[in-house]
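Colleague: Sharing a structure below in structure tokens format, with a few things to ask.
2 protein chains.
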Amino acid sequence: MSDTVPPSPKPPRAAGRAKPRQSDIARAAGVSQATVSLVLRGAATGVVLAPETRRRVLRAAEDLGYVPDPVATRLAAARNGMLGLYTFSTTFPTDVAHSYYPVLVGVEEEAAAQGQDLILFTGASRAADDSGDAAAVRRVRAADGCLFFGRHVPEDPIRRLSEDGFPFVYIGRREEPGISYVGADYVSASAEVAARLAAQGHRRVRYLRENDDAPASTDRERGVVEGARDAGLETAGLVERTDGGDVDARLARWRGEGVTAVITEETDTGAALSGLTAAVARAGLACPGEVSLALLGTATAAPAGAAPALGGEISGFDVPMREMGRAAVRLLLDLIEGEAAPRRHLLACEPVSGATIGPPAPAN
Amino acid sequence: MSDTVPPSPKPPRAAGRAKPRQSDIARAAGVSQATVSLVLRGAATGVVLAPETRRRVLRAAEDLGYVPDPVATRLAAARNGMLGLYTFSTTFPTDVAHSYYPVLVGVEEEAAAQGQDLILFTGASRAADDSGDAAAVRRVRAADGCLFFGRHVPEDPIRRLSEDGFPFVYIGRREEPGISYVGADYVSASAEVAARLAAQGHRRVRYLRENDDAPASTDRERGVVEGARDAGLETAGLVERTDGGDVDARLARWRGEGVTAVITEETDTGAALSGLTAAVARAGLACPGEVSLALLGTATAAPAGAAPALGGEISGFDVPMREMGRAAVRLLLDLIEGEAAPRRHLLACEPVSGATIGPPAPAN
DNA sequence: AAGTTTCGTTAATACGTATTAGGTTCTTGA
DNA sequence: TCAAGAACCTAATACGTATTAACGAAACTT
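Chains as they are written, first to last, in numbering that gives the first Met the number 0: chain Y, 0 to 363; chain C, 0 to 363.
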């Protein structure tokens with residue numbers, strides 16, 4: 000509380016080279032730092048500056064090679080034009096590269112279009128426990144807002160963000176209320192696939208789903224079951240999970256039961272589909288002829304070696320991954336702008352007619 | 000200049016919820032903000048704190064749910080654990096997805112392993128001119144250091160970074176002195192391919208290169224020419240550029256000249272290779288039998304429709320893209336740590352024996 | 001017991017920009 | 001000529017953390 004403020008020693012800037020700051024420009028132009036800020040930001044707040052002053056400042060800025068410091072900008076303005084993308088996996092796994100990549104592309108595209116940069120937050124690489132997640136998730140605040148993406152979701156740290164009013168958007172549907180997301184309308188798209196099979200004349204089909212309760216899987220099952228019911232397919236025994244044992248044995252059993260079409264779902268690894276097509280090939284079945292196949296989701300690009308053994312594109316629907324990424328960015332920006340209410344978007348999936356659905360073989 | 004400093008109104012924090020700051024913890028624990036900082040950062044500067052105080056502070060921090068602000072941290076400490084990745088393209092083009100992606104994966108992996116987050120800077124989306132680039136490049140300073148990646152390189156803004164001592168690393172070899180990079184040793188790998196052809200008995204071969212003077216192409220040409228000379232291949236007429244007209248006509252001409260093997264190079268789009276293989280197929284030539292093919296670089300995954308029409312993997316070499324990404328991150332971290340001298344790494348490419356090189360057909 | 005260390009903590013300031021409430025000076029109108 | 005307004009600009013402070021010089025108190029020397 001001393002009145003005699005001791006003049007600060009103010010050590011000189013690191014010898015020679017140094018990034019010029021606004022205060023340097025101010026000194027050169029004979030104005031205050033505040034004026035420099037006003038000039039450089041393009042007078043926003045109704046403050047009017049004399050054209051002459053403006054010129055002097057701009058000149059000085061140019062001469063000194065001024066470059067605004069993004070960090071300081073963010074600190075002062077609570078905005079830095081950066082969006083976060085947090086994937087709940089240690090890193091981008093190569094195996095699922097094709098499944099994640101389109102979303103990343105979409106996010107990147109839209110972010111660029113909106114003039115935002117992207118921070119890729121690498122998930123909890125260290126501790127597997129929640130403390131690691133918490134530490135990782137909190138870094139997210141370096142951005143103006145964040146996108147979350149992936150199956151595993153650490154609840155607590157996220158709730159924290161939500162309570163603090165930090166803007167974020169999930170990619171993929173979430174159950175939790177009050178959370179914004181952009182997902183795919185798996186229910187409708189799956190129902191449509193069931194209807195398509197029914198329209199071709201199938202009556203007894205099977206849906207082989209992942210043994211996993213992610214919302215994406217749950218929704219697909221709901222769609223298939225409802226669609227089957229509405230379209231007049233048999234629903235008894237319709238759904239089976241992948242934990243039920245050998246695919247070849249299953250396929251044989253189904254054939255015995257008079258099943259004429261099989262639906263499966265796309266997942267990270269594409270294992271379900273590749274397993275099924277391989278089994279069909281081994282059983283020597285003609286695909287649209289003796290058994291129809293449908294896939295709920297975009298086919299993961301097959302690894303270089305694996306020949307699909309099918310006549311063409313697989314029937315089913317396409318998940319608009321890229322568009323999901325784009326929509327998520329737009330939604331996030333809305334939230335950042337101050338859009339209060341959380342919002343949910345479900346994007347429609349595009350039906351893929353493909354070559355693997357045909358009329359069932361005439362009853363023997 | 001008034002002596003009576005008016006007490007600042009200090010508007011209360013946005014009602015209710017708010018991120019607790021160190022000063023809040025300080026109040027709760029009955030210590031100063033400085034003490035809180037010392038405790039939370041894990042006493043580094045030799046300052047020792049009473050265990051009791053330390054506990055009180057940690058307790059308060061826990062209770063309040065303190066989360067350090069990364070931006071403020073960066074401003075104060077000039078470090079924030081974030082690395083930039085700047086690609087010189089408007090966005091990640093889907094077409095070249097496969098060509099860029101492995102690098103991104105490598106960067107991501109290593110960044111995660113090193114506990115660094117990644118900022119994806121989206122290139123100049125607006126102005127095509129250099130001012131746009133400059134504005135885009137400067138944002139890069141929000142990170143502790145940056146990786147640059149891509150063909151088009153805006154010289155000026157980069158030089159600026161260099162002068163300011165901002166740490167950065169190129170992915171891909173650069174000519175400019177004083178710049179750190181991690182590239183692939185195209186010269187050696189290309190020479191090795193030439194040698195391999197010679198070893199199989201070829202004498203007259205052609206190298207079809209891109210009509211483009213990126214370092215990657217230049218290096219490959221040098222490697223091929225030197226390798227050919229050293230291995231006893233004919234060097235006259237060895238190199239041709241892709242701007243020389245129709246591939247089918249070329250191929251026919253080469254056959255007439257007694258050429259028994261063709262080398263081409265991988266590029267973003269994979270156009271050179273696909274054009275060549277298609278021409279070979281159209282000419283009805285057996286691949287290792289009547290003409291050998293080699294590719295300098297990793298084959299871009301063929302688009303879903305295009306059957307390669309070759310018996311198997313194409314011969315040539317693999318560019319260790321992923322490892323380049325990883326190495327670049329490590330090098331960048333070295334630079335950030337204060338490693339003074341710029342450093343250059345050239346990574347070896349892995350030979351791919353493949354199925355498209357064989358002995359030449361016996362002279363007719 | 002006075003002097004010297006050591007310990008534990010804090011005050012003060014840096015970091016670079018944004019923002020806002022005034023303060024001067026200059027016009028203008030009556 | 002005086003008040004009112006307009007036009008320009010600046011002082012002051014916020015933003016949240018890191019760092020360092022320094023200070024009071026307690027513990028040791030001699």
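A virtual CB, placed ideally from N, CA and C, is assigned to each residue, including glycine.
For chain Y, is any of its Cβ atoms less than 7 Å away from the one on isoleucine 335 of chain C?
Modeller: Cβ-Cβ to chain Y under 7 Å: no for isoleucine 335 of chain C.
Colleague: Just the C-alpha distance for glutamate 289 of chain C and glycine 114 of chain C, rounded to the nearest angstrom, thanks.
Modeller: Their backbone Cα atoms lie some 53 Å apart in a straight line.
Colleague: Please list, in chain order, all residues of the same chain as leucine 330 of chain Y whose beta carbon is under 7 Å from its beta carbon, the five residues on each side excluded.
Modeller: Correct list, in chain order: Val168, Ser179, Val181, Arg342, His344.
Colleague: How is glutamate 264 of chain C classed by DSSP in three states: helix, strand or coil?
Modeller: Three-state result, glutamate 264 of chain C: strand.
Colleague: Show which residues of chain Y have a CB atom less than 8 Å away from the CB atom of glycine 64 of chain C.
Modeller: Here the neighbours are Arg159.
Colleague: Identify every residue that forms a DSSP beta bridge with methionine 81 of chain C.
Modeller: Its beta-bridge partners are C:Asp116.
Colleague: So which of C:Ser189, C:Ala230, C:Glu322 has the shortest CA-CA distance to glycine 315 of chain C?
Modeller: The candidate whose alpha carbon is nearest that of glycine 315 of chain C is C:Ser189.
Colleague: Between which residues of its own chain and proline 19 of chain C is the CB-CB distance below 6 Å, once the five residues before and five after are set aside?
Modeller: Around proline 19 of chain C: Leu63, Tyr65.
Colleague: Under 8 Å, with one C-beta from each stretch per pair, do the stretch 67-83 of chain Y and the stretch 70-88 of chain C reach the 3-pair mark?
Modeller: Contact between the stretch 67-83 of chain Y and the stretch 70-88 of chain C is present, because at least three Cβ pairs lie under 8 Å.
Colleague: Is the Cβ-Cβ distance between aspartate 142 of chain Y and isoleucine 118 of chain Y less than 7 Å?
Modeller: First, the residue type needs correcting, since residue 142 of chain Y is alanine and not aspartate in the sequence shown. The answer is yes: Cβ separation under 7 Å.
Colleague: Alpha carbon to alpha carbon, what distance is there between valine 318 of chain Y and serine 187 of chain Y?
Modeller: Going by the C-alpha atoms only, they are around 12 Å apart.
Colleague: What do you get for aspartate 245 of chain Y, buried or exposed, if any count of 16 or more other CB atoms within 10 angstroms of its CB means buried?
Modeller: Exposed, because fewer than 16 other Cβ atoms sit within 10 Å of the Cβ of aspartate 245 of chain Y.
Colleague: Given this structure, state the Cα-to-Cα distance separating glycine 200 of chain C from threonine 241 of chain C, to the nearest angstrom.
Modeller: Distance between the alpha carbons of glycine 200 of chain C and threonine 241 of chain C is about 26 Å.
Colleague: Of the residues Y:Arg321, Y:Met320, Y:Leu294, which one's Cα is nearest the Cα of isoleucine 356 of chain Y?
Modeller: Among Y:Arg321, Y:Met320, Y:Leu294, the Cα nearest to that of isoleucine 356 of chain Y is on Y:Leu294.
Colleague: So, at 7 Å on beta carbons, what are the nonlocal neighbours of asparagine 79 of chain C in its own chain, with the 5 sequence-adjacent residues on each side left out?
Modeller: Same-chain partners within the cutoff: Pro69, Thr72, Arg73, Asp143.
Colleague: My understanding is that arginine 219 of chain C touches tyrosine 185 of chain C, with C-beta atoms under 8 Å, so please give their C-beta distance in whole angstroms.
Modeller: Rounded, the Cβ-Cβ distance is 5 Å, consistent with contact.
Colleague: Just to make sure I have the definition right: I need the residues of chain Y whose C-beta is within less than 9 Å of the C-beta of phenylalanine 120 of chain C. Which are they?
Modeller: Ordered by position in chain Y, the residues that pass the 9 Å Cβ test against phenylalanine 120 of chain C are Asp116, Leu117.
Colleague: Taking the beta carbon of valine 47 of chain Y as the centre, do at least 16 other beta carbons fall within 10 Å, making it buried, or is it exposed?
Modeller: The residue is exposed, with fewer than 16 neighbouring Cβ atoms inside 10 Å.
Colleague: Among the residues of its own chain, which have a CB less than 7 Å from the CB of valine 152 of chain C, if the five just before and after it don't count?
Modeller: Here the set comprises Phe87.
Colleague: Rounded to the nearest angstrom, what separates aspartate 128 of chain C and glutamate 154 of chain C at their Cα positions?
Modeller: In this predicted model, aspartate 128 of chain C has a pLDDT of only 47, less than 50, meaning its place in the structure is not dependable enough to derive any value.
Colleague: Output yes if chain C places a C-beta closer than 7 Å to the C-beta of valine 106 of chain Y; else output no.
Modeller: Chain C contact via Cβ: absent.
Colleague: Beta carbons nearer than 7 Å to chain C: which residues of the stretch 180-193 of chain Y have them?
Modeller: Against chain C - using a Cβ distance shorter than 7 Å - the stretch 180-193 of chain Y contributes no residues.
Colleague: Taking Cβ positions, are proline 176 of chain C and leucine 334 of chain C nearer each other than 7 Å?
Modeller: No, they are not a contact pair.
Colleague: Which chain C residues sit within Cβ distance under 8 Å of valine 70 of chain Y?
Modeller: Under the 8 Å cutoff, chain C gives Val70, Arg73, Leu74, Asn79, Arg140, Ala141.
Colleague: Taking C-beta pairs closer than 8 Å, name the residues in chain Y that arginine 137 of chain C reaches, listed in chain order.
Modeller: In chain order: Val66, Pro67, Pro69.
Colleague: Establish whether the CB of aspartate 163 of chain Y and some CB of chain C are separated by less than 7 Å.
Modeller: Output row for aspartate 163 of chain Y: interface = yes.
Colleague: Measuring CA to CA, which of C:Arg203, C:Gly243, C:Ala193 is closest to valine 224 of chain C?
Modeller: Measuring from the Cα of valine 224 of chain C, the nearest candidate turns out to be C:Ala193.
Colleague: Could you tell me the alpha carbon to alpha carbon distance between cysteine 286 of chain Y and leucine 292 of chain Y, rounded to whole angstroms?
Modeller: So the two alpha carbons sit approximately 7 Å from each other.
Colleague: Going straight from the alpha carbon of glycine 255 of chain C to that of alanine 282 of chain C, what length do you get?
Modeller: Spanning the two alpha carbons is a distance of roughly 13 Å.
Colleague: At least one CB of chain Y closer than 7 Å to the CB of alanine 340 of chain C: is that the case?
Modeller: No, because no Cβ of chain Y sits closer than 7 Å to the Cβ of alanine 340 of chain C.
Colleague: Between which two residues does the beta strand (DSSP E) carrying glycine 315 of chain Y extend?
Modeller: Note, glycine 315 of chain Y: beta strand (DSSP E), 314-317.
Colleague: Does threonine 121 of chain C come out as helix, strand or coil in the three-state DSSP assignment?
Modeller: Three-state DSSP puts threonine 121 of chain C in coil, outside helix and strand.
Colleague: Go through its chain and collect everything with a Cβ distance to arginine 53 of chain Y's Cβ below 8 Å, but skip five positions before and after it.
Modeller: Result list for arginine 53 of chain Y: Val38, in chain order.
Colleague: If you measure from the beta carbon of alanine 111 of chain C to each beta carbon in chain Y, is any gap under 7 Å?
Modeller: So yes, alanine 111 of chain C belongs to the interface.
Colleague: Roughly how many angstroms separate the alpha carbons of glutamate 108 of chain C and phenylalanine 147 of chain Y, rounded to a whole number?
Modeller: Using only the alpha carbons, I get a separation of about 18 Å.
Colleague: Helix, strand or coil, according to DSSP, for proline 350 of chain Y in the structure here?
Modeller: Proline 350 of chain Y falls in the strand class under three-state DSSP.
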